[in-house]
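J.: Just so you know, the protein sequences line up as chains V and Y, in that order. Just so we're aligned, residue 456 is where the first sequence starts under the working numbering, counting upward by one. Just so we're aligned, residue 456 is where the second sequence starts under the working numbering, counting upward by one. No residue lacks a Cβ here, since even glycine has one placed at the ideal position from N, Cα and C. Encoded as structure tokens, here's the structure I'll be asking about.
Protein chains: 2
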Amino acid sequence: MKQAKTNTKERIIDAANKLFYLAGIRATSVDAIAEKAGVTKRTFYYHFQSKDDLIAEYLSARDQINLKAFKASFDEQKGDIAKKIRAVFKSVLKATSHTKWRGCGFQRTAGELANKPGHPAMKAASSHKKNVEAWLAKEFNQHGITNAAATARQVFLLLEGALSTMLIHHDTAYIEEAGHAAVLLVTNAVQH
Amino acid sequence: MKQAKTNTKERIIDAANKLFYLAGIRATSVDAIAEKAGVTKRTFYYHFQSKDDLIAEYLSARDQINLKAFKASFDEQKGDIAKKIRAVFKSVLKATSHTKWRGCGFQRTAGELANKPGHPAMKAASSHKKNVEAWLAKEFNQHGITNAAATARQVFLLLEGALSTMLIHHDTAYIEEAGHAAVLLVTNAVQH
DNA sequence: GTCTATAAGCCGATAGAC
DNA sequence: GTCTATCGGCTTATAGAC
């Protein structure tokens with residue numbers, strides 16, 4: 456029945472999410488995913504056309520989850536736009552402080568697929584990052600920042616740089632410094 | 456004789472450099488590297504203990520090459536610190552405009568090895584990024600910026616964010632916006 | 001829709017010759 | 001220091017049964 460089909464597919468995506476994020480896409484075999492999901496490979500290939508197909512679905516499923524986390528930390532913080540941005544970076548600091556944190560899954564997947572620009576997972580990564588930047592631009596615009604698009608891009612770049620660097624150095628001081636710079640740029644933009 | 460040994464080893468590293476950067480570390484086989492270098496696998500394993508060994512040497516060899524490129528664009532530009540930083544971002548714009556550009560090799564390698572924190576290649580990536588940041592801090596300090604370390608880190612984060620994002624979007628507008636923000640932060644820091 | 005079994009090939013690494 | 005040959009295992013994906 457339909458119910459069972461959906462559960463199985465979601466269980467496979469859940470397993471892929473954990474394994475892909477932990478060890479990377481190419482280092483994770485279909486065998487390992489099927490085993491973790493508790494299904495055989497035959498079942499796996501019933502639900503997914505190929506491993507590439509699963510990779511794309513894995514990233515697409517992460518898009519709204521990550522975006523909602525950003526929005527939540529922003530919306531929950533009361534005060535001016537500088538305070539709200541500070542809250543966003545603080546929530547990233549908290550997320551990246553976990554020992555299980557292994558960088559940004561979108562960045563890492565894009566890195567692994569760098570030689571396949573048309574890959575659906577690459578499009579999913581691009582789409583997600585555009586969504587984050589567009590959300591920032593929308594909020595900045597609503598908070599009276601005239602050059603909202605440019606400022607949003609600058610804040611976005613600081614965030615991405617910190618995510619990338621913290622994967623390499625495992626030092627949360629980078630997201631803090633990124634937050635300081637972001638607040639500086641936003642405050643500066645409000646006054647113009 | 457020693458001469459021949461050195462040439463062979465360098466030829467293998469050259470081949471690895473091209474293939475690793477093009478397709479990624481895990482997607483590149485030792486077979487493919489040996490073939491491109493024009494040696495057999497037996498010869499490969501005479502010069503390198505393992506594939507992991509080669510990965511580390513590949514990144515270590517890139518450290519000074521990249522760093523010198525940064526320094527050159529900075530030193531060649533005459534004028535104040537803002538102009539020099541603008542020149543650095545402009546040189547990155549030029550480098551990332553090539554169709555063969557596939558992101559930052561250090562970021563991509565670190566992403567693939569995210570689950571192996573002690574891997575020598577991860578240490579090489581960390582070391583390289585620290586060198587870039589430390590070089591910026593040194594220059595900022597010499598150019599009379601009081602909070603040189605913090606400003607250097609902010610500029611570094613903008614650079615890293617742009618490199619990461621351009622791999623995903625293939626849009627050089629990001630390095631331009633990063634450059635604008637960097638100049639803004641540096642100019643602001645000079646005045647304090 | 002899920003199972004067992006297996007294809008066909010590529011992976012990193014090694015053996016022995018010279 | 002470089003060659004040919006090959007190991008054992010893992011890879012994505014498929015075949016046929018129920």
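1. Is the beta carbon of Ile488 of chain Y sitting closer than 8 Å to the one on Ala637 of chain Y?
2. What are the start and end residues of each continuous alpha helix (DSSP H) run of 4 or more residues lying completely inside the segment 597 to 623 of chain Y, in chain order?
3. Using a Cβ-Cβ distance under 8 Å, would Ser581 of chain V count as near chain Y?
4. Applying a beta-carbon distance threshold of less than 8 Å, which residues of chain V neighbour Tyr513 of chain Y?
5. Out of V:Val543, V:Ala550, V:Ser528 and V:Lys584, which one is the CA nearest neighbour of Ala565 of chain V?
6. Between Ala542 of chain V and the rest of its own chain, which residues show a CB-CB distance below 6 Å, the 5 nearest in sequence each way excluded?
7. Is Ile540 of chain V close to chain Y? Criterion is C-beta to C-beta, closer than 8 Å.
8. Nearest to Lys491 of chain V by alpha carbon, out of V:Ile510, V:Asp469 and V:Ile480?
9. Ignoring anything shorter than 4 residues or poking outside the segment 482 to 528 of chain Y, list the alpha helix (DSSP H) runs there in chain order.
10. So which of Y:Ile480, Y:Asn602, Y:Asn472 and Y:Leu477 has the shortest CA-CA distance to Tyr513 of chain Y?
11. Go ahead and label Ile480 of chain V buried or exposed: buried means 16 or more other beta carbons lie within 10 angstroms of its beta carbon, across all protein chains shown.
12. Give a yes or no on whether 8 Å exceeds the smallest Cβ distance from Glu567 of chain V to chain Y.
13. Hey, could you find the ends of the alpha helix (DSSP H) Ile536 of chain Y is sitting in?
14. Mapping the DSSP letters down to three states, classify Lys473 of chain Y as helix, strand or coil.
15. Please decide whether Ala636 of chain V counts as near chain Y, where near means a Cβ-Cβ distance under 8 Å.
16. Have a look at Met456 of chain Y and Asp507 of chain Y and give me their C-alpha separation to the nearest angstrom.
17. Going straight from the alpha carbon of Ile630 of chain V to that of Leu548 of chain V, what length do you get?
18. Could you tell me whether any Cβ in chain Y is nearer than 8 Å to the Cβ of Glu632 of chain V?
19. Using a C-beta cutoff of 8 Å, does Asn570 of chain Y count as contacting chain V?
20. If I'm right that Ala604 of chain V touches Ala617 of chain V with Cβ under 8 Å, what's the distance once you round it to whole angstroms?
21. Thinking C-beta only, is Ala644 of chain Y closer than 8 Å to Asn596 of chain Y?
22. Within this structure, are the beta carbons of Phe475 of chain Y and Thr483 of chain Y separated by less than 8 Å?
23. Quick check: is the beta carbon of Gln646 of chain V nearer than 8 Å to any beta carbon in chain Y?
24. Mind checking if Tyr434 of chain Y is an interface residue toward chain V, Cβ cutoff 8 Å exclusive?
25. Using the Cβ count rule (16 or more neighbours within 10 Å means buried), how would you classify Ala628 of chain V?
26. If you drop the 5 nearest sequence neighbours on each side, which residues of the same chain put their C-beta closer than 6 Å to that of Trp590 of chain V?
27. If we require 4 or more residues per run, which alpha helix (DSSP H) segments fall completely within the segment 547 to 596 of chain V?
28. Among Y:His553, Y:Gln504 and Y:Gly560, whose alpha-carbon lies nearest the alpha-carbon of Ile520 of chain Y?
29. Whole-angstrom Cβ separation of Ala569 of chain V and Ala511 of chain V, contact assumed at under 8 Å?
30. From the DSSP output, in three-state form, read off Ile480 of chain Y for me.
31. What is the rounded straight-line gap between the Cα of Lys496 of chain Y and the Cα of Leu477 of chain Y?
32. Which term fits His502 of chain V, buried or exposed, when burial requires 16 or more other beta carbons within 10 angstroms of its beta carbon?
T.: Looking at the coordinates:
1. Counting from 1 along the second sequence, the entry for residue 488 of chain Y is found at position 33. Counting from 1 along the second sequence, the entry for residue 637 of chain Y is found at position 182. No, Cβ-Cβ distance for Ile488 of chain Y and Ala637 of chain Y is not below 8 Å.
2. none
3. For the purposes of this step, residue 581 of chain V is taken as residue 126 along the first sequence, with counting starting at 1. Answer yes: the Cβ-Cβ gap between Ser581 of chain V and chain Y drops below 8 Å somewhere.
4. Position 58 of the second sequence, counted from the start, is the residue given in the question as residue 513 of chain Y. Ordered by position in chain V, no residue passes the 8 Å Cβ test against Tyr513 of chain Y, which lies about 15 Å from the chain.
5. Stepping through the first sequence from its first residue, residue 565 of chain V is reached at position 110. Checked all of V:Val543, V:Ala550, V:Ser528 and V:Lys584; the closest Cα to Ala565 of chain V is V:Lys584.
6. Looking up residue 542 of chain V in the first sequence gives position 87. For Ala542 of chain V, where only same-chain residues beyond five positions count, the Cβ hits under 6 Å are Ser528 and Gln532.
7. Position 85 of the first sequence, counted from the start, is the residue given in the question as residue 540 of chain V. False, the Cβ-Cβ gap to chain Y never drops below 8 Å.
8. What you label residue 491 of chain V is simply residue 36 of the first sequence in a count that begins at 1. Considering only alpha carbons, the answer is V:Asp469.
9. 485 to 492 and 496 to 502
10. Numbered from 1 along the second sequence, position 58 holds the residue referred to as residue 513 of chain Y. The residue with the shortest Cα to Cα distance from Tyr513 of chain Y is Y:Asn472.
11. Reading the first sequence from its first residue, position 25 is the one you call residue 480 of chain V. Flag for Ile480 of chain V reads buried.
12. Here the question's residue 567 of chain V lines up with position 112 in the first sequence. Output row for Glu567 of chain V: interface = yes.
13. As a first step, residue 536 of chain Y is located in the second sequence; it is residue number 81 there, counting from the start. Unbroken alpha helix (DSSP H) run through Ile536 of chain Y: Ile536 to Thr551.
14. Reading the second sequence from its first residue, position 18 is the one you call residue 473 of chain Y. It is helical.
15. On the first sequence, residue 636 of chain V is found 181 positions in, with the first residue counted as 1. Taking Cβ atoms only, chain Y reaches closer than 8 Å to Ala636 of chain V, which makes this a yes.
16. For the purposes of this step, residue 456 of chain Y is identified with residue 1 of the second sequence, where counting begins at 1. For the purposes of this step, residue 507 of chain Y is identified with residue 52 of the second sequence, where counting begins at 1. Only weak support is given to the placement of Met456 of chain Y: the predicted model assigns it a pLDDT of 42, under 50, and the value that follows is read from those uncertain coordinates. Using only the alpha carbons, I get a separation of about 26 Å.
17. Position 175 of the first sequence, counted from the start, is the residue given in the question as residue 630 of chain V. Position 93 of the first sequence, counted from the start, is the residue given in the question as residue 548 of chain V. Cα-Cα distance, rounded: 6 Å.
18. Here residue 632 of chain V is taken as the residue at index 177 of the first sequence, counted from 1. Yes, its Cβ sits closer than 8 Å to a Cβ of chain Y.
19. Sequence index remark: in the second sequence, residue 570 of chain Y carries index 115 (1-based). Taking Cβ atoms only, chain V reaches closer than 8 Å to Asn570 of chain Y, which makes this a yes.
20. If you number the first sequence from 1, residue 604 of chain V lands on position 149. If you number the first sequence from 1, residue 617 of chain V lands on position 162. The pair is not a contact, with the Cβ atoms about 21 Å apart (cut-off 8 Å).
21. Residue numbering aside, residue 596 of chain Y sits at position 141 when the second sequence is read from its first letter. Residue numbering aside, residue 644 of chain Y sits at position 189 when the second sequence is read from its first letter. Contact: no.
22. Within the second sequence, residue 475 of chain Y is the residue found at index 20, counting from 1. Within the second sequence, residue 483 of chain Y is the residue found at index 28, counting from 1. Contact flag set, yes.
23. The residue labelled residue 646 of chain V in the question sits at position 191 within the first sequence. So no, Gln646 of chain V is outside the interface.
24. As shown, chain Y starts at 456 and ends at 647. That puts residue 434 of chain Y outside it, with no answer to give.
25. In the first sequence, the residue the question calls residue 628 of chain V occupies position 173. Ala628 of chain V comes out exposed.
26. Indexing the first sequence from 1 puts residue 590 of chain V at position 135. Contacts found: none.
27. 560 to 567
28. Residue 520 of chain Y sits at position 65 when you count from the first residue of the second sequence. Answer by Cα proximity: Y:Gly560.
29. Along the first sequence, read from residue 1 onward, the residue named residue 569 of chain V stands at position 114. Along the first sequence, read from residue 1 onward, the residue named residue 511 of chain V stands at position 56. Actually they are not in contact, since the Cβ atoms of Ala569 of chain V and Ala511 of chain V sit about 16 Å apart, beyond 8 Å.
30. For this step, residue 480 of chain Y is matched to residue 25 along the second sequence. If DSSP states are grouped into helix, strand and coil, Ile480 of chain Y belongs with coil.
31. By one-based count along the second sequence, residue 496 of chain Y stands at place 41. By one-based count along the second sequence, residue 477 of chain Y stands at place 22. Straight-line Cα distance between these residues: approximately 21 Å.
32. Here the question's residue 502 of chain V lines up with position 47 in the first sequence. So His502 of chain V counts as buried.
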